[in-house]
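Accompanying notes for the structure given below.
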Amino acid sequence: DKLELTRDMSRNPVFDAMLVVQNNDYEPLDLHDLQMKPAQVSHLVSKFDLTLQASEGDGNIHFLFEYSTALFEKTTIERWASHLTNVLSIIGKNPEVTLNHIDILTQEERHQLLNEFNTRQANQYGVQTISQLFEQQAARTPKASALVSGDKTLTYQELDEWSNGIARALRSRGVKPDTPVGIMMHRSFSMIAAILGVWKAGGCYVPIDPEYPTERKRYILSDSGTKLLMTINEADRGVLADFKGEILTIESVEADDKSPLPQMSSAHHLAYIIYTSG
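Under this note's numbering, the sequence shown has 229 at position 248, and the numbering climbs by one with no breaks.
Written out as structure tokens, the structure reads:
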């Protein structure tokens, strides 16, 4: 009552799952000529979401699952039952074992997870770069919105062509696989186009927050070996006057040819060099 929660009258107010252990031995009751024995009563409504009943008899422990069919599939309960059987079997053989050392999976499930689910089809992205995946999406849905910021949108085709122009300009400046290219921009359409352009050129991008202190910017550029830096403002040239590389504004680093480029980098090449606060 103190929690003032909205109550669902169709559910148990305290708990949804229950374990019942029936460990009393059954003794037949004889009253002169009257003999009494349990009657098997079946009901079609589960009392809780899930109930597991364990009862002793005939030298064994018998388990019975009762569950809500609106919540669980029969195959799910059967799988859980096999997991419980595995756990109990392992504990029976090694009573001192801890739960974190018990593998609940059956041999069939382990094979399915490691082999059937782990097919070549599932790993097709392991040999493709992000820029390749983006180009494939742009070819499928060129007019779909790729970027949205406020009331402005950019389609996949527009972003693809923009980044192609940037990539061609960067390649003409010697960018190849694993070449670091600095990007000092706030989050914007330009920043995304620049990142894709670096990848399409084959290089890796080095993000630099424009709000960083000047010394931090200089350290990142020097330590990463960056020789090309893309920005939005011309003013950055003055702030980084001692930068030995080339500073390019996003407008000046775009080639007229916006056609796709041949792929130079592969999945094992660098994508980015990021400097964390540490």
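The beta-carbon is built from N, C-alpha and C at its ideal position, and this holds for glycine as well.
Note that the coordinates shown come from a computational prediction; the quantities given were computed from them, not determined experimentally.
In angstroms with no decimal places, state the Cα-to-Cα distance between residue i and residue j.
i	j	result
Arg(-12)	Glu54	26 Å
Glu215	Ile201	20 Å
Tyr193	Arg168	14 Å
Ser247	Leu80	43 Å
Trp61	Glu37	20 Å
Pro241	Leu209	22 Å
Gly206	Asn145	24 Å
Ala173	Tyr253	The sequence as given places Ile at residue 173; Ala does not occur at that position. Spanning the two alpha carbons is a distance of roughly 13 Å.
Glu139	Pro123	8 Å
Asp39	Glu59	23 Å
Pro191	Met211	11 Å
Thr56	Leu114	37 Å
Arg(-8)	Phe29	8 Å
Glu142	Ile176	13 Å
Leu251	Ile189	17 Å
Ser112	Gln118	10 Å
Asp237	Glu196	35 Å
Let me make sure I understand the geometry here. Which of the options has the alpha-carbon closest to that of residue i?
i	options	result
Thr32	Gln16, Ala(-2), Ser112, Leu65	Ala(-2)
Tyr256	Val1, Leu177, Leu221, Lys198	Lys198
Phe44	Gln16, Ile254, Lys133, Asn4	Asn4
Glu133	Met17, Ile72, Ser171	The residue you asked about is not Glu; residue 133 is Lys in the sequence shown. When each option's Cα is compared against that of Lys133, the closest is Ser171.
Val108	His249, Ile254, Ser258	His249
Ile228	Arg154, Leu251, Met245, Asp204	Arg154
Pro19	Asp11, Val26, Leu25	Asp11
Asp217	Gln244, Leu251, Gly163	Gly163
Leu0	Leu69, Met17, Ala35	Ala35
Val2	Gln16, Asp(-18), Phe46, Ser23	Phe46
Thr230	Met165, Ser70, Ile71, Ser203	Met165
Lys157	Ala51, Pro243, Ser49	Pro243
His24	Asn41, Gln16, Tyr48	Tyr48
Met245	Asp(-18), Phe(-4), His64, Thr110	Thr110
For residue i, list the residues DSSP reports as bridge partners.
i	result
Glu47	Thr32
Asp14	Its beta-bridge partners do not exist; DSSP assigns none.
Lys133	Ser130
Tyr268	Coverage of the chain is limited to positions -18 through 259, which leaves residue 268 absent and any answer about it impossible.
Ile228	Leu210
Asn41	Gly38
Ala(-2)	Leu31
Gln3	Ser36
By a C-beta neighbour count over all protein chains shown, 10 Å radius and 16 as the cutoff for buried, is residue i buried or exposed?
i	result
Glu235	buried
Thr160	buried
Glu232	exposed
Glu116	buried
Val26	exposed
Ala125	exposed
Ala127	buried
*Taking three-plus beta-carbon pairs below 8 Å as touching, is the stretch 178 to 187 in contact with the stretch 142 to 151?*
yes
*the stretch 88 to 102 touching the stretch 216 to 231, judged by at least three CB pairs closer than 8 Å*: no
*Is the stretch 91 to 98 touching the stretch 73 to 81, taking contact as three or more C-beta pairs under 8 Å?*
no
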